[in-house]
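Chains as they are written, first to last, in this note's numbering: chain A, -15 to 206; chain B, 6 to 238.
Yeah, the Cβ is synthetic: ideal placement off N, Cα and C, and Gly gets one too.
Quick caveat: nothing in here was measured; it's all calculated off a predicted structure.
Presented below is the structure to which this report refers.
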Amino acid sequence: MTASTLAPTYTRWSRDQTAARVADDIPDGAVVNLGIGLPTAVANHLDGDKEIVLHSENGVIGMGPAPAEGEEDFDLINAGKQPVTLLPGGCFFHHADSFAMMRGGHLDVCVLGAFQVSSTGDLANWHTGAPDAIPAVGGAMDLAIGAKKTYVMMDYLTKQGQAKLVPACTYPLTGIGCVSRLYTDLAVIDLDATGATVIDLAPGLTLGALQALTPGVTLRQA
Amino acid sequence: MINKLVASATAALEGIGDGATIMIGGFGTAGQPNELIDALIDTGARDLVIVNNNAGNGDAGLAALLAAKRVRKIICSFPRQADSHQFDALYRAGDIELELVPQGNLAERIRAAGAGIGGFFTPTGYGTELAKGKETREIDGRLYVLESPIHADFALIKAERGDRWGNLTYRMTARNFGPIMAMAARTTVATVHEVAELGSIDPETVVTPGLFVQRLVLIERTATSAGGFKQAA
């Protein structure tokens, strides 16, 4: 096969489009935690007509945008240790309360990045398992299992072209059966104990073509 | 009369010896009590077990304590950061032991110690590498891992205002681990930027009641530095 026969006939959603799609699905009044990495972009697309409360696990709720240059105060940071602001109504709390909010099921939505997600919603996003890698987990395992709904935002394929939606994660697990929806550049997919259901496809992409990219996982059409 | 205010950071650390378990407050640089860590380095204490969320940023504070090779083991959730080179070098050389704990389990293990809890079942980490070998239990259809409390000999934390009874308030997200570490250590040392007259801190706003604090040190305020992420050159 030549490269030209492999050329896709579909248009991938951009990361911004994917972030906007996630933002659209977050209801007014929701309390949301956006993980470090791709999910951070969701904040840029939250509809101003909706009141959505952002939580960060280091101990702040009601987080606002980044401060103007020169206004940074590094006692007011998010989980990525970047400077943020506080909106009216926001407040601070210690770490045990912050993780009680999460583990106790008080957050409505959590959006995370991932290395791999299994068709039944297992998540691997904290460690590649490489022997020379220094492991760091942070709040990933608490975030994965704590919110009422855990969404993952990721590219569908690795740089090498392998699907990150897999029959079983080969990277170390973050949580089991915790991801309820996957937002990617190729498709939006619901996950539960019975498997993967495609609810939206990128323009020009067919279920058959997506299935061909996803060995070992049976994709159902919603 | 109760007066927990001590004259200096050095005086506040009296009694710390080799092998002590020390909780150090802070999430990255926010809430990290650099002056107490500098004084800890000066004590010469070694083979320390340190509890912190991270494993040092840049070359100051906790990173300086690591660089001085005083730490035998660190219990933390997120050692690897853009500026954790001091820890990274020790870890790669096999010169430090790492106990990696999911952040919420770390917080709850510290809180549990302070609250007199002997252990607790948490869903966080179930089925992962970080729960290997730990007792598990199904409760009402959900799967949990047994986690144990983390006690400490000393907690070194950074607060904002305090009074001679040790009542504390904090500043924004610099609060992070301060209140729970204060509960979990036999001796808690807090820095404050202002010592208030007893009774002048609105009792409705006290975050850490004074009984959790044994020693208080007044430190001049300096702006908290950035840390923990890649900064533009």
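Apart from sequence neighbours up to five positions away, the residues of its chain that approach B/I122 with a beta-carbon distance below 7 Å are P154, ordered along the chain.
Secondary-structure assignment with DSSP links B/S82 through no beta bridge to anything. For B/L221, no chain A residue has a C-beta closer than 9 Å to its own C-beta; the minimum C-beta separation is roughly 19 Å. Only D116, A117, I118, P119, A120, V121, G122, G123, A124, M125, D126, L127, A128, I129, G130 from the region 114 to 148 of chain A bring a Cβ to less than 9 Å from some Cβ of chain B.
Shown here for B/I7: same chain residues with a beta carbon closer than 6 Å to its own, the five before and five after excluded, namely W170 in chain order. Counting only runs of 4+ residues, no alpha helix (DSSP H) is found wholly inside the region 148 to 175 of chain A. Distance from the CA of A/M125 to the CA of B/I46, rounded to the nearest whole angstrom, comes to 33 Å. Straight-line measurement puts the Cα of A/T142 at about 24 Å from the Cα of B/E134.
When the five nearest sequence neighbours on each side are left out, the beta carbons in the same chain lying within less than 7 Å of the beta carbon of A/H79 are those of G43, in order along the chain.
With three or more CB-CB distances shorter than 8 Å, the region 80 to 91 of chain A counts as touching the region 36 to 50 of chain A. Straight across, the Cα-Cα distance linking A/T154 with A/Q100 is about 8 Å. Proximity to A/D106 across A/G161, A/V37, A/D9 peaks at A/G161, based on C-alpha coordinates. Pairing A/L203 with A/L170 gives a Cβ-Cβ distance that is not under 8 Å. Cα atoms of A/D184 and B/A73: separation of roughly 55 Å, rounded to the nearest angstrom. Comparing alpha-carbon positions, the option among A/W(-3), A/V136, A/A14 lying closest to A/I20 turns out to be A/V136.
From the beta-carbon of A/Q66, the residues of chain B found nearer than 7 Å are F234. Close to A/N42, with beta-carbon spacing below 7 Å, are these residues of chain B in chain order: F32, T178, N181. Residues of the same chain with a CB within less than 8 Å of the CB of B/L67, apart from the 5 flanking positions on each side, are I29, G31, Q37, I42, I55, N57, N59, A60, G61 in chain order. Residue pairing for B/G215: DSSP places it in no beta bridge. In this structure B/G167 is buried. Its beta-carbon is surrounded by 16 or more other beta-carbon atoms within 10 angstroms.
For A/Y(-6), the closest alpha carbon among the candidates A/G130, A/V15, A/P187 is that of A/P187. DSSP links A/N17 through a beta bridge to A/C94.
In this structure, DSSP gives A/S40 an extended state, which the three-state scheme calls strand. A/A80 reaches chain B at A112, E113, R116, I185, counting residues in chain order whose Cβ is nearer than 7 Å. Here B/L173 is not near B/L10, since their CB atoms are 8 Å or more apart.
Residue-level contact check: B/G63 does not touch chain A, since none of the beta carbons of chain A fall below 8 Å from its beta carbon. Residue state for B/T129 is assigned as coil, using DSSP reduced to three classes.
By the C-beta density criterion, A/T190 is exposed, having fewer than 16 other C-beta atoms within 10 angstroms. Pairing A/L127 with A/C75 gives a Cβ-Cβ distance that is not under 8 Å.
Along the length of the region 57 to 112 of chain A, whole alpha helix (DSSP H) runs at least 4 residues long occupy 79 to 87, reported in chain order.
A/T134 is the residue among A/G145, A/T134, A/K148 whose C-alpha sits nearest the C-alpha of A/R165. Leaving aside the five residues that flank A/G73 on each side, the residues in its chain whose CB is nearer than 7 Å to its CB run, in chain order, G46. In the displayed model, A/M138 falls within coil according to three-state DSSP, outside both helix and strand. For the region 88 to 109 of chain B, the set of positions with a beta-carbon nearer than 7 Å to some beta-carbon of chain A reads D93, Y96, L105, P107, Q108, G109 in chain order. Remark: C-beta atoms of B/A44 and B/A14 approach each other more closely than 8 Å.
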